[in-house]
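Protein chains in written order, with the numbering used here: chain H, 1 to 609; chain P, 610 to 1218.
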């Protein structure tokens, strides 16, 4: 039997599995599985090299199913490869199963969660960069849908892949003509896709996505390309089942039992073939044995320093003791100070240009290969990558994001540049740590804590240079806080973070003149919040609490404290309550109600009998 | 004097203004103004037609400065056109001034705030669509930077413009080679940009961006294009000042006073020319006199109905009585039920395909021309457009967004498809109304309220069909709530919204058997929250409150209630506290702690002595 014949039989098995699984589950996307069945057979059982016993084998090719709704056929392919048991397929979408409706790393061969479309190619760019950096001979394959090519993130990734000259990256686009609700913009016009990928610097191959010898041939050619290569595969949604083929209205619908039987009759009996034997690993390869320390010698700051500058200094120091740390930038490295790392470690520095979504997707791809990516841009622009950040969390990624230029304290550039909703972006992310240092010493400590922590960490930094509050020996554990001022009979507690800590200290000094004592807490760990210290302080200060933050009202420190203290304290929340304007930092802190004078007033309101 | 000579003099004036303004302000981006000065002179004083007395003139050409950091030259151009007084330019970036660091509609000729790069082209697509729909002869011009072409959103917009065949849209790319921190990906390789725009279906012209006759010529050609046309202008950053020209390191830096004097000497004295005379309006045109009602006859639902379906039904009804309502979709209209509007009003329906960023940008563009765009997709995928939503709010836009498929109640599709952070996206947005209906009747009422409200509104809808709670006569004003159950001596208040209202009602019935009374509040207006009713209920139920929501912990209803009640009530917050899995809706509500049984338990915890 020829290889093509064998692969054809495997494709039939994948189709049968996909149809059965989705009918059993009562939901799912069978027709999008059918269109890619022949492509999947060629990839998993001919082109790709992987060690079925070890998803972490450093020589493995990596695979990203960017069109995540085709999850059933991914599970089916892993079943055919012998990685999961065939009977487990029938657990698709059950609450007890790792075989979810869209791929998540709960199944350990899935490196990145997909299902929000148009993200897989960025992850693939990150994986391919990581393979190159770690001298793996592994390559990366990303299987995309045609509909998702409308997402701009795809073109950010396409541009980056060509820029980095990734000849170990192959994208396959399953062009089945039909989106969810209707035909795609380009239908079966492969030329339209070809022109775009070519213009973005890719080597383009077209193929009939159901012609197995032709698919093997283009994959072969793609392997020889000098840069990233894309295979544009013309396919038929629902291929193999006459009443599903090329029909609108079947997206995301499983077959009823009688429809399933009819479909299975058309496909024919389950071919008797052992696909597993076709899977070929590369020679076992080991992950590089590079240094991976986290504790660096802190800087002895002596003068006012911006926390963003301290971030850059710390990142560079971390880079010296940890070869796994990489830095990514969105063309603002001279503002975030990631430039210090870029200058010292050009080989581990990656310019994403002004493409934040791709920056996060690349970071995710690098992190799953063991790198520790530090990504930085203006906090305001991280909103651009919110969906990618969300999916990174769903991928249990170990990436560190720094958002600089937060709040009205940036001054004259105006609201488009002010991070005023970033805490509300990161706090809901499951498991995400949120750190907000108030001086250069704490900023360095936060970088160290972030690196040491396995998981997503967000660090919020401030534009202006601010005075020093701590020392280089001080520790800032995740989940902690600092009591900066306290005395017997303190009248109220002020909880602040970042720039507002300084305002709180001024308010303290002001009120001291009137013999009013204030407890000042630097809640640098916004999440997890130090509920114990805060609860205790509230209790000891008569349940009178002021929270002051350079952020919009919702989703930030104020609400975090309010829910932590619910029923235990009165809380006055000072924050930015309207759309701010351009102006000088001090003017803006005053105008939008988060300066020392407003804190003084709030405390007086609280203590008024 | 030839026209080109006159325009050259105007360009010199624009350069002089830009340099002086930024030096005076002590911050800003002079060099990016200098690269586009000749382009601006040709656009504002030759190519574009506008009535200087009326920014709303229906015949006006529209202009979007996508590279918003070049704001000073925009203000300078309006000063030269006589729209603002020349002396006002010196107020740039002052807190009292409408001339902000990046353009905002506080200056009434700015239709959309810019400054977060890569968004202007989508807004331009929306403006051009609105002009076409409203039979305006006006055209739309978008001036972009080269750096921002790395943003995927640019390519989403480029694809849409070609798809819609917008021959009234012209993009001009100021290719000055230098980004903020370094050279751009393509530097001065105009061919790279030409290939991309051409592949995306645009007519492409290249020009030396400092050769005024050549610029006039390509703008002339662009006017005759059958589809969207782009002018790729090769320019020099800092053009006109020898020590600034093509130099890295000058981005976002104003000149010091002595540098300014040196620069002004190079440019020469302020040319004596009255630019205003060159501005030509079109024949005065009036906005269409279409019907614009808001109150439609509600549906007499009789059986279980999904709120997403009621949204679609209501939107179609609204479309019948209001010609200004338009609908935009991200290829999920059969899930959000926007398809009902699409079927009845194809001329007012716009398919954005799977490109949420562009969908929001287009909506913004249409809204500033008076249309009332309703945009819908899965709530989870609105995170993709977070930056555009933020900028729409900063543009005081009147757009309505619907996020369907919220929370774990969607079931088997899994976390990538579950909107679990959408409340945290929308609640911080200044002025944004957030509505979350719990049944079909309230969903229809929310659509009506949203349409009637001037400003940004977010409506959250649920996937499964749910039972009816209200009647078609019931009103749901913004800022209100509904007390669904109450009695003397209620032991606690349960605050819910959407799907959890039904769980709260079940808990009520359960506890009633044990003679425990519950006050049940449907907080359908999540923002603004009905603090009064909620405060009163908390007070009357012994300060015992349970909030239950199908959302992650941060930034949602729980924290909104916690801050509203701070110090006045104990609050138990039931919400989704970990990354959920695929499963059946009821199973998931139970597994993640937001079902009736969890509410019962929480109430019992609260009332335990």
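Each residue gets a CB set at the ideal place from its N, CA and C atoms; glycine is no exception. Given the structure is predicted, the values throughout are model-derived calculations rather than measurements.
Check	Outcome
Residue 408 of chain H and residue 588 of chain H look like a contact to me (Cβ under 8 Å); what is the Cβ gap, rounded to whole Å?	4 Å
Nearest to residue 284 of chain H by alpha carbon, out of H:25, H:427 and H:61?	H:61
Would you mind working out which of P:929, P:805, P:858 and P:783 sits nearest residue 790 of chain P, comparing C-alpha positions?	P:858
Is there at least one Cβ from chain P nearer than 7 Å to residue 428 of chain H's Cβ?	yes
Give the residues of chain H in contact with residue 856 of chain P, contact being defined as C-beta atoms less than 7 Å apart.	Per Cβ cutoff of 7 Å: no residues; residue 856 of chain P is ~14 Å from chain H at best.
By Cβ distance, which residues of its chain are closer than 6 Å to residue 55 of chain H, with the 5 residues on each side in sequence left out?	108 and 109
Would you mind sorting residue 243 of chain H into buried or exposed? The rule is 16 or more other CB atoms within 10 Å of its CB.	exposed
Would you kindly report the start and end of the unbroken alpha helix (DSSP H) that includes residue 317 of chain H?	307-321
Would a C-beta distance cut-off of 7 Å place residue 438 of chain H and residue 480 of chain H closer than the cut-off?	no
Under 7 Å, Cβ to Cβ, is there at least one residue of chain H near residue 943 of chain P?	yes
Among all the DSSP beta bridges, which residues are the ones paired with residue 292 of chain H?	H:322
Please compile the residues from chain H whose C-beta is within a distance smaller than 9 Å of the C-beta of residue 1187 of chain P.	430 and 431
Spell out whether any CB of chain H is found under 7 Å from the CB atom of residue 1140 of chain P.	no
List the whole-angstrom C-beta distance separating residue 430 of chain H from residue 1187 of chain P, where the pair is believed to meet the contact cut-off of C-beta under 8 Å.	6 Å
Buried or exposed, going by whether 16 or more other CB atoms sit within 10 Å of the CB of residue 1096 of chain P?	exposed
If we call anything under 7 Å between Cβ atoms a contact, is residue 74 of chain H one with residue 124 of chain H?	no
Just the C-alpha distance for residue 1147 of chain P and residue 1167 of chain P, rounded to the nearest angstrom, thanks.	14 Å
Relative to the C-alpha of residue 177 of chain H, which candidate in H:224, H:139 and H:247 has its C-alpha closest?	H:247
Is it true that the CB of residue 1157 of chain P sits closer than 7 Å to the CB of residue 1101 of chain P?	no
Leaving out the 5 sequence neighbours to the left and right, which residues in its chain are closer than 6 Å to residue 230 of chain H when beta-carbon positions are compared?	171, 197, 202 and 204
Take residue 590 of chain H as the anchor and find which of H:88, H:252 and H:504 has the nearest alpha-carbon.	H:504
Can you give me the Cβ contacts of residue 387 of chain H inside the same chain, cut-off strictly under 8 Å, excluding the 5 residues immediately before and after it?	116, 119 and 357
For a contact defined as C-beta to C-beta under 9 Å, what are the partners of residue 107 of chain H on chain P?	Those do not exist, as residue 107 of chain H stays about 11 Å from chain P at its closest Cβ, beyond 9 Å.
What ranges does the beta strand (DSSP E) occupy inside the region 944-1025 of chain P, keeping only unbroken runs of at least 3 residues that lie completely in it?	958-960, 981-987 and 1009-1013
For the region 1173-1184 of chain P, list every residue whose C-beta sits within 9 Å of some C-beta in chain H, in sequence order.	1173, 1174, 1175, 1176, 1177, 1178, 1179, 1180, 1181 and 1182
Short of 8 Å in beta carbon distance, which residues of its chain neighbour residue 693 of chain P, apart from the five on each side in sequence? Order them along the chain.	684, 687, 708 and 716
Kindly indicate the opening and closing residues of the alpha helix (DSSP H) around residue 452 of chain H.	440-452
Report the rounded CA-to-CA distance for residue 553 of chain H versus residue 631 of chain P, giving the unit in angstroms.	32 Å
Anything in chain H within Cβ reach of residue 1200 of chain P, meaning under 9 Å, just list it in chain order.	95
Going by DSSP in three states, residue 500 of chain H sits in which element: helix, strand or coil?	helix
Using the beta-carbon of each residue, which ones in chain H are nearer than 8 Å to residue 739 of chain P?	Ordered by position in chain H, no residue passes the 8 Å Cβ test against residue 739 of chain P, which lies about 21 Å from the chain.
I need the boundaries of the alpha helix (DSSP H) containing residue 1142 of chain P, first residue and last residue.	1140-1149
Along chain H, in chain order, which residues have C-beta atoms closer than 8 Å to that of residue 683 of chain P?	Within chain H, no residue comes near residue 683 of chain P; the closest Cβ sits about 13 Å away, beyond 8 Å.
Are the beta-carbon atoms belonging to residue 327 of chain H and residue 349 of chain H less than 7 Å from one another?	yes
Determine which residues share a DSSP beta bridge with residue 527 of chain H and list them.	H:434
Measuring alpha carbon to alpha carbon, tell me which residue in H:441, H:484, H:565 and H:415 is nearest residue 722 of chain P.	H:415
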